[in-house]
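J.: Reminder that position 38 of the sequence shown reads as 38 in UniProt numbering, one-by-one numbering, no gaps. Glycine included, each C-beta is placed from N, C-alpha and C at the ideal position. Can you keep this structure in mind? I'll have questions shortly.
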Amino acid sequence: MELRLTQDGTPTLFHPGYGEAYHPRQGALLQARRLYLEKTLTHLHPAPRVLEVGFGLGVNFRVALESALLRGVRLSYLAVEREPLPRELLAQIPLPLPRAEEVFADLLRAWPIPSFQGPWGELRVLFLDVREAVLPSCWATAVYLDPFSPKANPEAWSLPVLLKLRKSLKRGGRLATYSAQGAFRRALREAGFAVHRVPGVGKREWTVGIARGAPPG
Numbered sequence: 001m002e003l004r005l006t007q008d009g010t011p012t013l014f015h016p017g018y019g020e021a022y023h024p025r026q027g028a029l030l031q032a033r034r035l036y037l038e039k040t041l042t043h044l045h046p047a048p049r050v051l052e053v054g055f056g057l058g059v060n061f062r063v064a065l066e067s068a069l070l071r072g073v074r075l076s077y078l079a080v081e082r083e084p085l086p087r088e089l090l091a092q093i094p095l096p097l098p099r100a101e102e103v104f105a106d107l108l109r110a111w112p113i114p115s116f117q118g119p120w121g122e123l124r125v126l127f128l129d130v131r132e133a134v135l136p137s138c139w140a141t142a143v144y145l146d147p148f149s150p151k152a153n154p155e156a157w158s159l160p161v162l163l164k165l166r167k168s169l170k171r172g173g174r175l176a177t178y179s180a181q182g183a184f185r186r187a188l189r190e191a192g193f194a195v196h197r198v199p200g201v202g203k204r205e206w207t208v209g210i211a212r213g214a215p216p217g
């Protein structure tokens with residue numbers, strides 16, 4: 001793993017196996033805030049329940065946690081991670097989020113564990129392929145779809161996975177992702193999402209899907 005500094009001053013890692021970094025060069029913290037936190041409206045929800053595909057370096061979790069702590073609301077967070085990183089690597093990715101970093105430091109001392117709780121809420125991590133994961137039905141208020149790209153990791157973007165995510169998302173809940181790939185967007189529509197193109201940072205577009213009606217099937 002190669003440590004890299006992104007343009008917003010926060011670090012990320014380059015994964016040689018996938019040939020991609022965990023975050024865009026424009027900024028790990030910037031993407032977590034502008035895309036995942038804000039485009040899903042997690043920063044406004046009174047009781048956010050986030051489902052993430054691709055826990056990675058825990059940046060999206062920490063940004064969501066910092067927001068919840070600042071607002072005094074409880075965060076429930078369920079992540080699916082097939083390849084958890086060792087604590088030594090995670091410890092190399094500090095973020096300017098003082099409240100969340102205090103919680104994350106405690107988490108790292110016990111990492112990897114499937115469940116971590118505190119007065120702030122709960123983090124659960126399923127250490128397996130998302131295709132094999134059993135997800136709670138109609139549970140999440142937001143889905144953060146943040147695995148490696150459709151080119152590098154196509155299984156995580158497939159229709160069966162998107163259908164599974166739709167069934168776990170409450171009606172009206174939002175899915176956000178950095179990918180604007182056409183085949184992925186078509187699959188997202190087929191899975192029961194209203195698909196919206198939103199301006200990206202560092203790229204022309206991001207994608208937001210809103211759960212509409214009842215899940216297919």
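Do the region 170-188 and the region 76-94 make contact, defined as three or more Cβ pairs closer than 8 Å?
T.: Taking a cut-off of 8 Å for Cβ pairs, the region 170-188 and the region 76-94 do not touch, as fewer than three such pairs fall below it.
J.: Measuring only the C-alpha atoms, how far is Ile113 from Phe184?
T.: Phe184 has its alpha-carbon roughly 32 Å from the corresponding atom of Ile113.
J.: What span of residues does the alpha helix (DSSP H) with Gly182 cover, start to end?
T.: Gly182 to Glu190
J.: Could you tell me if Leu128 is buried or exposed, where buried requires 16 or more neighbouring beta carbons within 10 angstroms of its beta carbon?
T.: By the neighbour-count criterion, in which 16 or more other beta carbons inside 10 Å mark a residue as buried, Leu128 falls on the exposed side.
J.: As an exercise, report each continuous beta strand (DSSP E) stretch of at least 3 residues that is fully enclosed by the UniProt domain "MnmC-like methyltransferase" (122-209), in chain order.
T.: For the UniProt domain "MnmC-like methyltransferase" (122-209), whole beta strand (DSSP E) runs of length 3 or above, ordered along the chain, are 140-145, 169-177 and 193-199.
J.: Quick one: Cα of Pro150 to Cα of Glu20, how far?
T.: 12 Å
J.: Excluding sequence positions up to five away, which residues of its chain have a Cβ less than 6 Å from the Cβ of Leu123?
T.: Tyr77 and Phe116
J.: Pick out whichever of His45, Pro46 and Phe55 has its Cα sitting closest to the Cα of Ala32.
T.: If we check each option's Cα against that of Ala32, Phe55 comes out closest.
J.: Under a three-way DSSP split, which group does Gln31 fall into?
T.: helix
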